[in-house]
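Below is one structure, written out as structure tokens; the observations come after it.
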Amino acid sequence: MNERWLVEELILVGLLKVVQQGATLPDFANMGAAEHLKTAARELMDQAPPAARPKIQRRVQATARRCISPSVTRDTHVATLGLAAYHLLEHLLDEGYVSIGTLSPLSCAIDMILPALEPAANDEEQMTDSRTTAIGIFQNLQKEGLFRGVVPMV
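Under my numbering, think of the first position of the sequence shown as 1, with each following residue one higher.
Dropping the structure here:
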């Protein structure tokens, strides 16, 4: 497990955490999703040597500021960001770059978050906006040297 891979995975978990915090979820689902995302992040960080963890966390935060923040404004709806995260994950899964275990904490969190995004997924304009946002985020991440070898999103 290398540092770049951990940063990539932690960025995805962090993106979903932002969505979870802003999504309108029933209390039980919100708390459950938050706990699952916390567990997913902890399991990833546990794979790094203890001395490397602070450096990895700083890199994740700096990379998120440089790569995600430019594509997200105060006017960006949480649903748009959530669907962008969905498009990004879907692309990475389709390309075989990531896999999400059926009963993994990340999978459980996604299962709790997705129903809150369903109304937005039925809105063609919001789907287009979210796809554009996902493409922008992915391009920025690839410029940072992440997700190497993955076909660009179109």
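Where is the CB? At the ideal position from N, CA and C, for every residue including glycine. As the structure is a computational prediction, the values presented were derived from the model and not from experiment.
Item to check | Terminal residues of the alpha helix (DSSP H) in which GLU124 lies | outcome: Note, GLU124: alpha helix (DSSP H), 124-143.
Checklist entry - Got a sec, what are the start and stop residues for the alpha helix (DSSP H) ILE113 sits in? => result That run of the alpha helix (DSSP H) goes 105-121.
Checklist entry - Just the Cα atoms here: how many angstroms apart are GLY149 and TYR97? => result Roughly 9 Å between the two C-alpha positions.
Checklist entry - Would DSSP call THR76 helix, strand or coil? => result In this structure, THR76 counts as coil in the three-state DSSP scheme.
Checklist entry - Since LEU21 and LEU83 are thought to touch, with beta carbons under 8 Å apart, how far apart are those beta carbons, to the nearest angstrom? => result At residue 21 the sequence reads Gln, which differs from the Leu that was named. Taking the Cβ atoms as the reference, GLN21 lies roughly 16 Å from LEU83, outside the contact range of under 8 Å.
Next on the checklist: On the criterion of 16 or more Cβ atoms from any shown chain inside 10 Å, does VAL60 qualify as buried, or is it exposed?
Outcome noted: Its Cβ being crowded by 16 or more others within 10 Å, VAL60 is buried.
Item to check | the region 45-59 contacting the region 5-25, beta-carbon criterion three pairs below 8 Å | outcome: With a cut-off of 8 Å, the region 5-25 and the region 45-59 count as touching, because enough Cβ pairs lie within range.
Checklist entry - Whose CA, out of ILE110, GLY145, PRO152, THR128, lies closest to the CA of ARG66? => result The shortest Cα separation from ARG66 among ILE110, GLY145, PRO152, THR128 belongs to GLY145.
Checklist entry - How should ALA51 be labelled, buried or exposed, when 16 other C-beta atoms within 10 angstroms of its C-beta is the threshold for buried? => result Counting the other Cβ atoms within 10 Å of the Cβ of ALA51 gives fewer than 16, which makes it exposed.
Next on the checklist: Let's test the definition: count the other Cβ atoms within 10 Å of the Cβ of THR73 and tell me whether it reaches 16, buried, or not, exposed.
Outcome noted: Counting Cβ neighbours within 10 Å, THR73 comes out exposed, since fewer than 16 surround it.
Item to check | Rounded C-alpha distance that separates LEU88 from SER130 | outcome: Each residue's alpha carbon lies about 10 Å from the other.
Item to check | Simplified DSSP state of GLN47, which is helix, strand or coil | outcome: Shown here, GLN47 sits in coil according to DSSP, grouped into three states, outside any helix or strand.
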